[in-house]
Amino acid sequence: MRRVVVTGIGAVTPLGGDAITSWKNLVKGLSGAQRISRFDPDGFPCRVACEVPIGKGISAKDGTFNPLDWFSQKDLRKVDDFIIFGVAAAEMALKDSGLDLMEISYINAHATSTPKGDEIELKAIKRAFKGRVEHFLSSTKSSIGHLLGAAGAVEAIFSILSIKNNIVPPTINLDDLSIDTKIDLVPHESKEKEINSVLSNSFGFGGTNASVIFSRY
């Protein structure tokens, strides 16, 4: 019998150590339990998690949700390429959904608290939404840290729950912004808002960008 360890990128994988070393070199260092904020960061808060969704089949009377997604993959050579392919992912998700830009009430940002990455994602969002700033935008990583391979799945659950409960999750510890966003970043406290559609972004190392739209079914 052969025993096998099933895992994502981590210290137990052949390339895991190199990946962690690269992340430490990209940011100012791991922040541990320190306070973090999206645009004025003091570190990269890595966490480990597993997400197991449990639910029923789609039923209109149950108020369940319809996901519409689009993925963009490119071998990125420079960080500015994230703008191009982040915009492409968001625009294609919006196109496939058939929704108007104004129907997206909330955006769950990838937002890892890296200065360049957050600025680039914000530019991508503004381009995809043609400069409109009526929606809410927040980072749930500010509350739970970066869950690495599980981040997108957990943030999808945040997005679905925001629709179910009509609550926009906050960006906690957001105090000092280095740029003028003109978008409500939901600092510190959650907000009650009727939400029918949410865009969730996952833009990662290696050039894989994903935008998923969740809508009330």
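Here the working numbering is used: the first residue of the sequence shown is 32, the next is one more, and so on. Don't be surprised by glycine CBs; every beta carbon is placed ideally from N, CA and C. In this text, all values refer to a predicted model and were calculated from it rather than measured experimentally.
### Task
State yes or no: is the C-beta of K154 nearer than 6 Å to some heavy atom of the ligand COA?
Absence of the ligand COA from the depicted structure is noted, as is the absence of any ligand whatsoever, leaving it without description.
### For E220, the residue or residues it bridges with in DSSP
Its beta-bridge partners do not exist; DSSP assigns none.
### Message
Closer than 8 Å is the cut-off here; do at least three beta carbon pairs connect the stretch 208-217 with the stretch 157-171?
### Response
yes
### Task
Count the other CB atoms, across all protein chains shown, that sit within 10 Å of the CB of S233; report buried if there are 16 or more and exposed otherwise.
buried
### Query
With C-beta atoms as the reference, is S6 less than 7 Å away from A121?
The question about residue 6 has no answer, for the chain in this structure spans 32 to 248.
### Task
Would you check if the distance between the CB atom of Y134 and the CB atom of S193 is smaller than 7 Å?
It is Glu, not Tyr, that sits at residue 134 in the sequence shown. Taking 7 Å as the cut-off, the Cβ atoms of E134 and S193 do not count as close.
### Task
Report yes if the C-beta distance between S173 and I210 is below 7 Å; otherwise report no.
no
### Message
Taking the alpha helix (DSSP H) that V185 belongs to, which residues open and close that run?
### Response
Here the alpha helix (DSSP H) through V185 covers 182-196.
### Query
If you count every other CB in all the chains shown that lies within 10 Å of the CB of V177, and 16 or more means buried, which is it?
One detail in the question is off: residue 177 reads as His in this sequence, not Val. Classification of H177: buried, given that the 10 Å Cβ count is 16 or more.
### Task
For the alpha helix (DSSP H) holding S170, just list the boundary residues, first then last.
For S170, there is no enclosing alpha helix (DSSP H), as DSSP gives it neither H nor E.
### Message
Once DSSP output is grouped into helix, strand and coil, what is the label at R163?
### Response
coil
### Task
Assign H141 to buried or exposed, taking buried as 16 or more other Cβ atoms, counted over all protein chains shown, within 10 Å of its Cβ.
buried
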